[in-house]
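**Student:** The structure's right below; bear with me while I get my questions together.
Numbering (this note's numbering), first residue to last: 310 to 424.
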């Protein structure tokens with residue numbers, strides 16, 4: 310059901326339902342809910358994929374205008390985002406961030422303003 314959620318409201322309802330049924334959420338469940346929120350937010354700004362390659366976060370998209378707006382917000386918050394071709398942007402990652410999945414996920418959530 311989490312993977313089929315199509316809005317933040319739906320994810321929040323699922324979160325409440327899971328907590329009511331099973332109690333405090335384990336870290337893995339919280340991460341799964343955050344991934345659903347990331348998928349929904351990314352989709353809303355025309356992002357099709359997010360992947361990690363050595364030293365880079367690679368983001369595939371289908372609307373350069375939405376991406377340029379998002380890129381400006383990232384730049385204002387101190388993150389370099391490079392447009393590479395018509396369908397891809399990359400975010401350089403320092404070694405410390407690239408090596409720590411938790412820090413990387415927190416950074417991605419921050420870039421997409423997911424709380």
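For each residue, glycine too, the CB sits at the ideal point set by N, CA and C.
Note that this is a predicted model, so its numbers are computed, not measured.
Beta carbon of residue 429, beta carbon of residue 412: below 7 Å?
**Tutor:** No answer is possible for residue 429: it lies beyond the span of the chain, which begins at 310 and ends at 424.
**Student:** Does the Cβ-Cβ distance between residue 374 and residue 356 come in under 7 Å?
**Tutor:** Cβ atoms of residue 374 and residue 356: not closer than 7 Å.
**Student:** Compare the beta carbon distance of residue 340 and residue 320 with 7 Å and say whether it is the shorter of the two.
**Tutor:** Cβ distance not < 7 Å, so residue 340 and residue 320 don't count as in contact.
**Student:** Going by DSSP, what residues sit across from residue 416 in a beta bridge?
**Tutor:** Paired residue(s): none; residue 416 is not in a bridge.
**Student:** Could you tell me the boundaries of the alpha helix (DSSP H) in which residue 378 lies?
**Tutor:** Note, residue 378: alpha helix (DSSP H), 373-385.
**Student:** Can you grab the Cα-Cα spacing for the pair residue 395 / residue 315, in whole Å?
**Tutor:** Taking the straight line joining both Cα atoms gives about 27 Å.
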